[in-house]
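As they're listed, the protein sequences go chains G and S.
When we follow this note's numbering, the leftmost residue of the first sequence carries the number 1, and every step to the right adds one.
When we follow this note's numbering, the leftmost residue of the second sequence carries the number 1001, and every step to the right adds one.
Even glycine gets a Cβ: it sits at the ideal position worked out from N, Cα and C.
Given the structure is predicted, the values throughout are model-derived calculations rather than measurements.
Down below is the structure, laid out as structure tokens.
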Amino acid sequence: MWWFYNSSPEPQASRTSADEEALADYIYSKVIYQAGVDFESKPMVIICASNLPDPIEVDYDRILSRILLKLDLFVESDYTVVLFAGGAKHNPGWSWMLRAYKSLSRKYKKNLKSLYIVQATTWARISFDFMNAIISPKFAKKIRYIHSLSELANFVPLTQIDIPPAVYEHNLKYEDKITLPSSVNYKENKRLMFGVPLEVLMGTEGENGLPRVVRDCVTYLRAEGLQVEGVFRRSPSSTLLRQAKEAYDRGNPINLSDYGVHTAAVLLKMFFNDLPVSIFPMQTYDVLKQIRGKQHYLGRIEFIRSSIFPLLSPASIILLQYVCSLLNEISKYKDINLMTAYNLAVMFAPNLVHSGNPMLDVSMCILSRNNENSGGGVGILMKLAIEQFDLMFEGYEPRDCVRDVSVENGTISMSSSMSGSIESSDTPISPSSPSSPPKYPSLRKVRSLAAVSNLIINGSGLDPFRVGAGVEISGVKVQGMVSRSQPVTPYSDIPGSPASMSSIEELRRAMPWAS
Amino acid sequence: MASRKKVLLKVIILGDSGVGKTSLMNQYVNKKFSTQYKATIGADFLTKEVMVDDRLVTMQIWDTAGQERFQSLGVAFYRGADCCVLVYDVNNNKSFETLDSWRDEFLIQASPRDPENFPFVVLGNKIDMEESKRAVSQKRAMTWCQSKGNIPYFETSAKEAINVENAFQTIAKNALQQETDADFYNDFPDPIKIDNDTSKYDSCGC
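Here is the structure:
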């Protein structure tokens, strides 16, 4: 928030209009904002104490006047205010509170039907009560103190509110989990995001568009995350992650920039990891293993498009393409973010498989350290899909064209954002099902490129994919890598045998190159 | 009882993604540091022979992927471990805060016989970075280690090979201690028959 530091020692004199605008933007998006209407259709205004800036850097009278300006929009008719008092870093101080209270003239108080003060500290509560006792006992009746967000959910539609992470975090002191009342008000809104079958979220042909969390994460990461070091590798704060995930599952509006790039990246991985049926189900493993046998990358791409994509559900392909396009963009900044296609594939692939046998899953996702083009099927596929995004998904409709259908408050809203053009004109896409992939994707471009490159490869006598297939021997010590082509019982299942022994024996069998 | 016979010690390295687990292992075993930024998948292990208190032991060091997804692999990898090394990046507060959950996770998954006294070692890595970037003070780290039953703590740099040798020497020592204790509890003879095949795991030195 650069304007904190921009404010000069003499704020009145040299305040620029840009400065003022930035402050206004901040106040109106973070400190005071509307969250739809409450259960009685009165506008609901949210005020977040936790987002109040540092009083040393910003003059609080400026904030107060901004808040009043915003309230002016509502005071003409009935309205409700929810004040999140918890989690505040900065205390505005007594005198300001008193001034603020005084500025709330009759105009503001008259139509204010209820004021919910959430998680006020005892101190703040006492001061409020004190002021009310002196100034307006009548107004005091409109105030209701709320302990937890679950309690608040009984009075106002909680899932409409964009609640800042600091408030969620503060709420953990009062309750472990937010539970919504089972009233009708929440039933129609309830939309679980995580752990729901893709067909339910997106429709069998993907006609319902992208899941909200996927769209949000990709959009946000594209805007803010492309150049962040270790994006998709670094882990976020686990509290933040949990809050964000639960907010999505409740259907709360959420602003990912409050949570940061690493939270968004892991949230996206988590969405895939939590799918009841993974993107690459176990039945596809046998075919996936054959990728490795294909030689040139173009041969591999052709094989993936003709033999693997048809095995995946339409929704899976839509998601895969959508995410790979982001990963492809991220990999272009690898000099800054250090995330090469290899790293991105290593971080993402494990979330796309879930056979119940983790060892088998690892073997599918492995990418050899020494020869990055060798490894398990999903690993190779993902690396190729990131590196050669255009070729891999040629003829598949760019994902931003998918009509976004979302069910909100029981009404279907359709926003069609047809942007971007389809490059190859030889793959007509039926307009009736805009999101489903073409039944037989054109491979013309891939084929012709494959022919050219075969010539080159054969001419030089080099085969970049045949070298060192997964064998990892460091010069000095034997280095093991758990990669298996056959599903093997995990050694943890062998009863009574010390794992150190069984694992070595197992490994030796699994890794013949170690002997 | 195993007295003079060769021992295999299983050491597990845990910690968040990108704190330098692979680099530490590589620095210790191969005396090499790569500036390449490369994520690990699943788990990898290297072995190294070391002398601990006049005994030759083979350390099998397991480097695990720090990412979320394969933590379910834990059981398979953690079982039978003799020492668990928890690594964090001194310039990354979050990686320090998760040490708790890595430790808990290990104890649950590996279910060692005597969890209270299972040897952990904590490494604060990347101390080669400039001081201004430092996010976790030595004092804070040591306080945490003390609260968890006096876990030995080392500040390391895999890049500049600072304290790595030292740390792993302690790791080996504590692992051997654990291994000997474990032997003591064993009713049946030690089934690790690695002696015949040690040549496979041995190095030729370099």
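Handout entry: One or two residues paired with N370(G) in a DSSP bridge
Key = The residue labelled residue 370(G) in the question sits at position 370 within the first sequence. N370(G) is not bridged to any residue.
Exercise for the section: Decide if V214(G) is buried, meaning its Cβ has at least 16 other Cβ atoms within 10 Å, or exposed. Expected result: On the first sequence, position 214 is the one that residue 214(G) refers to. Looking at its Cβ environment, which holds 16 or more other Cβ atoms inside 10 Å, V214(G) is buried.
Handout entry: Contact belief for V228(G) with S50(G) at Cβ below 8 Å, rounded distance in angstroms
Key = In the first sequence, counting from the first residue as 1, residue 228(G) sits at position 228. In the first sequence, counting from the first residue as 1, residue 50(G) sits at position 50. 24 Å between Cβ atoms; not a contact.
Exercise for the section: Enumerate in chain order the residues of its own chain whose CB-to-CB distance from D1063(S) is below 7 Å, with the five nearest sequence positions on each side excluded. Expected result: Within the second sequence, residue 1063(S) is the residue found at index 63, counting from 1. Contacts found: I1013, K1021, T1022, M1025, T1040, A1043, D1044 and F1045.
Problem - Of the residues D1054(S), Y1153(S) and V1019(S), the one placed nearest F1120(S), counting alpha carbons only - result: On the second sequence, position 120 is the one that residue 1120(S) refers to. F1120(S) has its Cα closest to that of Y1153(S), out of D1054(S), Y1153(S) and V1019(S).
Handout entry: Those residues which DSSP pairs with Y396(G) across a bridge
Key = What you label residue 396(G) is simply residue 396 of the first sequence in a count that begins at 1. According to DSSP, Y396(G) bridges with nothing at all.
Practice task
Mind listing the chain S neighbours of S237(G)? Cutoff is C-beta to C-beta under 8 Å, in chain order.
Solution key: In the first sequence, the residue the question calls residue 237(G) occupies position 237. Near S237(G) (Cβ distances below 8 Å), the residues of chain S are K1094 and E1097.
Practice task
Examine chain S for any beta-carbon lying closer than 9 Å to the beta-carbon of L338(G), and answer yes or no.
Solution key: As a working mapping, residue 338(G) is identified with position 338 in the first sequence. Output row for L338(G): interface = yes.
Problem - Inter-stretch contact at 8 Å, needing at least 3 Cβ pairs: the segment 360 to 374 of chain G / the segment 310 to 317 of chain G - result: no
Practice task
State the CB to CB distance for the pair L338(G) and G230(G), rounded to an integer number of angstroms; the pair is presumed to be in contact (CB under 8 Å).
Solution key: Sequence index remark: in the first sequence, residue 338(G) carries index 338 (1-based). Sequence index remark: in the first sequence, residue 230(G) carries index 230 (1-based). Right, the Cβ-Cβ distance comes to about 6 Å (below 8 Å), so this counts as a contact.
Exercise for the section: Specify the secondary structure class of A451(G) as computed by DSSP and reduced to three states. Expected result: Start at 1 with the first residue of the first sequence, and residue 451(G) comes out as number 451. Only weak support exists for where A451(G) lies, its pLDDT of 48 falling under 50; the value from the coordinates is given anyway. Three-state result, A451(G): helix.
Practice task
For the segment 1104 to 1183 of chain S, list the alpha helix (DSSP H) runs that are entirely contained and at least 4 residues long, ordered along the chain.
Solution key: 1138 to 1147
Handout entry: 8 Å contact criterion, which N520(G) and I386(G) should meet: CB distance rounded
Key = Because chain G in this structure spans residues 1 to 515, residue 520(G) falls outside the shown range and cannot be described.
Exercise for the section: Spell out the partners DSSP gives G293(G) in its beta bridges. Expected result: Within the first sequence, numbered from 1, the residue matching residue 293(G) stands at position 293. Note: G293(G) sits in no beta bridge, so no partner.
Problem - Assigned exposure category for S1095(S) - 16 Cβ within 10 Å defines buried - result: Translated into positions along the second sequence, residue 1095(S) becomes position 95. Result: buried.
Exercise for the section: Spell out whether any CB of chain S is found under 9 Å from the CB atom of Y342(G). Expected result: As a position in the first sequence, residue 342(G) is number 342, starting the count at 1. Answer yes: the Cβ-Cβ gap between Y342(G) and chain S drops below 9 Å somewhere.
Handout entry: Cβ neighbours of D274(G) in the same chain (closer than 6 Å, five flanking residues each side left out)
Key = Mapped onto the first sequence, residue 274(G) falls at position 274. For D274(G), where only same-chain residues beyond five positions count, the Cβ hits under 6 Å are F194 and G195.
Practice task
Given a cut-off of 9 Å, decide if I178(G) and L149(G) are closer than it, judged by their beta-carbon atoms.
Solution key: Counted from its first residue, the first sequence places residue 149(G) at position 149. Counted from its first residue, the first sequence places residue 178(G) at position 178. Yes, they are a contact pair.
Exercise for the section: Establish whether the CB of I380(G) and some CB of chain S are separated by less than 9 Å. Expected result: Looking up residue 380(G) in the first sequence gives position 380. Closer than 9 Å: no.
Practice task
Just the C-alpha distance for L1099(S) and V1050(S), rounded to the nearest angstrom, thanks.
Solution key: For the purposes of this step, residue 1099(S) is taken as the residue at position 99 of the second sequence. For the purposes of this step, residue 1050(S) is taken as the residue at position 50 of the second sequence. Using only the alpha carbons, I get a separation of about 27 Å.
Problem - S413(G) at chain S interface by Cβ criterion, 9 Å - result: Residue mapping note: residue 413(G) aligns to position 413 of the first sequence, counting from 1. Its pLDDT being 37, under 50, S413(G) is placed unreliably in this model, and the value from its coordinates should be taken loosely. With its beta carbon at least 9 Å from every one in chain S, S413(G) lies outside the interface.
Handout entry: Closest residue to Y1078(S) among D1089(S), V1011(S) and T1035(S) (Cα-Cα distance)
Key = Stepping through the second sequence from its first residue, residue 1078(S) is reached at position 78. Comparing Cα positions, the closest option is V1011(S).
Handout entry: Amino acids of chain G, ordered along the chain, whose beta-carbon sits closer than 9 Å to that of S1132(S)
Key = Taking the second sequence and counting its residues from 1, one reaches residue 1132(S) at position 132. Correct list: empty, because the minimum Cβ distance to chain G is about 17 Å.
Problem - Candidates G86(G), F139(G) and L241(G): closest to W123(G) by CA position - result: Working through the first sequence from its first residue, we reach residue 123(G) at position 123. Of the candidates G86(G), F139(G) and L241(G), the one whose C-alpha sits nearest the C-alpha of W123(G) is G86(G).
Exercise for the section: Return the Cβ separation of V200(G) and V323(G) in integer angstroms, given the expectation that the two are a contact with Cβ distance under 8 Å. Expected result: Here the question's residue 200(G) lines up with position 200 in the first sequence. Here the question's residue 323(G) lines up with position 323 in the first sequence. In fact, because the Cβ distance is near 19 Å, the residues do not count as touching under 8 Å.
Exercise for the section: Keeping to the same chain, check which residues put their C-beta closer than 7 Å to that of C1145(S); ignore five residues upstream and five downstream. Expected result: The count along the second sequence starts at 1 and reaches residue 1145(S) at position 145. If we look at C1145(S) and ignore the five residues flanking it on each side, its Cβ neighbours are V1122, I1151 and Y1153.
Problem - 7 Å Cβ shell around P165(G) - same chain, five flanking residues per side excluded - result: Counting from 1 along the first sequence, the entry for residue 165(G) is found at position 165. These residues qualify, in order along the chain: L240, Q243, D258 and Y259.
Problem - Whether F1106(S) touches A1076(S) by CB criterion (9 Å) - result: Position 106 of the second sequence holds residue 1106(S). Position 76 of the second sequence holds residue 1076(S). Result no, Cβ atoms of F1106(S) and A1076(S) do not sit closer than 9 Å.
Handout entry: Where M392(G) meets chain S, residues with beta-carbon distance less than 9 Å
Key = As a first step, residue 392(G) must be located in the first sequence, where it is residue number 392. By Cβ distance, chain S contributes nothing, its closest Cβ being about 21 Å from M392(G), past 9 Å.
Handout entry: Nonlocal neighbours in the same chain, by C-beta distance under 6 Å from S307(G), ignoring five residues either side
Key = Residue 307(G) sits at position 307 when you count from the first residue of the first sequence. V287, listed in sequence order.
Practice task
Would you please verify whether the beta carbon of I1041(S) is less than 9 Å from any beta carbon of chain G?
Solution key: Sequence index remark: in the second sequence, residue 1041(S) carries index 41 (1-based). Using a CB distance cut-off of 9 Å, I1041(S) counts as an interface residue toward chain G.
Exercise for the section: Below 6 Å CB to CB, which residues in the same chain sit around I67(G) once its five sequence neighbours on both sides are set aside? Expected result: For this step, residue 67(G) is matched to residue 67 along the first sequence. These residues qualify, in order along the chain: I32.
Exercise for the section: Counting only the same chain and skipping the five closest in sequence on each side, list residues whose C-beta sits under 6 Å from that of L268(G). Expected result: Taking the first residue of the first sequence as 1, we reach residue 268(G) at position 268. The residues C217, in chain order, have a CB closer than 6 Å to that of L268(G) in the same chain once the five nearest residues on each side in sequence are set aside.
Practice task
Could you list which residues in chain G have their beta carbon closer than 7 Å to that of S1017(S), in chain order?
Solution key: Walking along the second sequence from the start, residue 1017(S) turns up at place 17. Identification of chain G residues near S1017(S) by a Cβ-Cβ cut-off of 7 Å yields R233, R234 and S235, ordered along the chain.
Handout entry: For M364(G), the three-state DSSP class (helix, strand or coil)
Key = Counting from 1 along the first sequence, the entry for residue 364(G) is found at position 364. Here M364(G) sits in helix by DSSP.
Handout entry: A349(G) at chain S interface by Cβ criterion, 9 Å
Key = Position 349 of the first sequence, counted from the start, is the residue given in the question as residue 349(G). True, the Cβ-Cβ gap to chain S drops below 9 Å.
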